[in-house]
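Participant:
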Amino acid sequence: MFQPTPIQPSNFGAITADQNLIENPALMYLATLGSKDSYRCMKSKLNKFARFFGYKGLVDCDWKSMQPNHVTVFLTAQSWGSARTYNCYLSALKSVALNAWRNKQIDLDHFQRIKSLKQRRVFRAPSGRAISSEESASLIKSLEANSLRTVRNRAIFYLMLGCGLRRAEVCELRVKQVSFKNRSAKIIGKGNKERT
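What the sequence shown shows, in our numbering, is residues 395 to 590, in sequence order.
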């Protein structure tokens, strides 16, 4: 069990370049995440890990004392719904260890032992499926009315179908990202990747 060295949070909701960010490898890792969803997801996972070892949360956790056996004990104690969730926790903890090593809070051997922990293999087929051309035609036919709602829904459907956009990408799309002149849109997608 590692011992707490309390770090006082300043303004955790909006991370700034203060002493907490510099000293806390978990906050350093969270600051590198490109999307609000990733930030929220990983923050939750790191808080759960910290609380498992008796800390209030990731801010006051003594991350530099984290050992590979702490990670293993935590991951073993959880009842996992999927290998993906397990791997997501492990990825977050490895990233924190990387930041601790970069900040000279742990040595290379310590970091490499945490890094060497293996992910679980995932052998599941993707959960989604492609819709058939008959299903596409049926959806288009159902959006023939000219009410504001169906015009909006038709535009959303055509964007998703014609451009291969994910639901979240459509929700995040703003008018300023669309060029009506060039008939294009700049999309910020998964992993903070931009495409036109």
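Quick reminder that beta carbons are idealized off the backbone N, C-alpha and C, glycines included.
Examine the Cβ distances between the stretch 521-535 and the stretch 472-491 and report whether three or more of them are shorter than 8 angstroms.
Facilitator: By the Cβ criterion, the stretch 521-535 is not in contact with the stretch 472-491, since fewer than three pairs of Cβ atoms, one from each stretch, lie closer than 8 angstroms.
Participant: Pick out the complete alpha helix (DSSP H) segments inside the stretch 481-538, 4 residues or longer, and give them in chain order.
Facilitator: 502-509, 527-536
Participant: In whole angstroms, what is the alpha-carbon distance linking serine 577 and asparagine 586?
Facilitator: The amino acid at residue 577 is misidentified as serine; the sequence shows arginine. Cα to Cα, arginine 577 sits roughly 22 angstroms from asparagine 586.
Participant: For a test of the three-state rule: what should DSSP assign to valine 453, helix, strand or coil?
Facilitator: Assigned with DSSP and collapsed to three states, valine 453 falls in coil, not helix or strand.
Participant: Pull up the DSSP beta-bridge partners for alanine 579, would you.
Facilitator: Val572
Participant: Quick one: any contact between the stretch 426-433 and the stretch 448-463, if contact means 3 or more CB pairs under 8 angstroms?
Facilitator: no
Participant: Does the separation of the CB atoms of tryptophan 457 and alanine 425 fall below 8 angstroms?
Facilitator: No. Outside cutoff.
Participant: Taking the alpha carbon of leucine 452 as the reference point, which residue from Lys437, His464, Val465, Thr466 has its own alpha carbon closest?
Facilitator: Lys437
Participant: Could you round the C-beta distance between arginine 507 and tyrosine 480 to whole angstroms and report it? I think they count as a contact, below 8 angstroms.
Facilitator: Incorrect: roughly 19 angstroms between the Cβ atoms, too far for contact.
Participant: Please identify the residue among Lys442, Thr466, Ile416, Thr590 whose C-alpha is closest to the C-alpha of serine 510.
Facilitator: Thr466
Participant: Classify isoleucine 525 as buried or exposed, calling it buried when 16 or more other Cβ atoms lie within 10 Å of its own Cβ.
Facilitator: Looking at its Cβ environment, which holds fewer than 16 other Cβ atoms inside 10 Å, isoleucine 525 is exposed.
Participant: CB leucine 567 to CB alanine 549, shorter than 8 angstroms?
Facilitator: no
Participant: Which partner residues of glutamate 588 appear in the DSSP bridge assignment?
Facilitator: Partner(s): Ile582.
Participant: Indicate the three-state DSSP secondary structure (helix, strand or coil) for glycine 369 in the structure shown.
Facilitator: Since the displayed the chain opens at 395 and closes at 590, residue 369 lies outside it and no answer follows.
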